[in-house]
Amino acid sequence: MIFKLVGDGRPYPEHGLSSREWAQIPPRQVRLDTLITTKAVLDLHSLLAKDSTFYGDLFPHVVQWKGELYLEDGLHRALRAALHQRSVLHARVLEVQD
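Per this note's numbering, the sequence shown starts with residue 1, numbered consecutively.
Right, here's the structure in full:
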């Protein structure tokens, strides 16, 4: 098992954070098997592209809501970590209240 659950959509309320605001959150280690994805489909071209981790934030974005961790952005990075036999990755975690 790579992820806790493969979801499709964001069940948590909209947080409205910009890329700049995400960058202010320090990354921390997150276990892959505690993450719930918010995307059920990933384009293999994106995953396998040599520059797939070049653009955007270096760290995936995770939203913590109601005790669960949702992988909002960075699914390709998380899958690459799993393909390299890693059980954790560094991610920016935003705690969202109800």
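Even for Gly, the Cβ is constructed at its ideal location relative to N, Cα and C.
Pairwise C-alpha distance: residue j and residue i
| i | j | result |
| --- | --- | --- |
| L5 | I36 | 5 Å |
| G7 | A78 | 15 Å |
| E95 | S19 | 16 Å |
| Q85 | K66 | 29 Å |
| L44 | T38 | 17 Å |
Cutoff 6 Å; reference residue i; Cβ partners in own chain excluding five residues on either side
| i | result |
| --- | --- |
| A81 | L89 |
| F59 | P27, H90, A91, R92 |
Buried versus exposed call for residue i [16 or more other C-beta atoms within 10 Å across all chains shown]
| i | result |
| --- | --- |
| G74 | buried |
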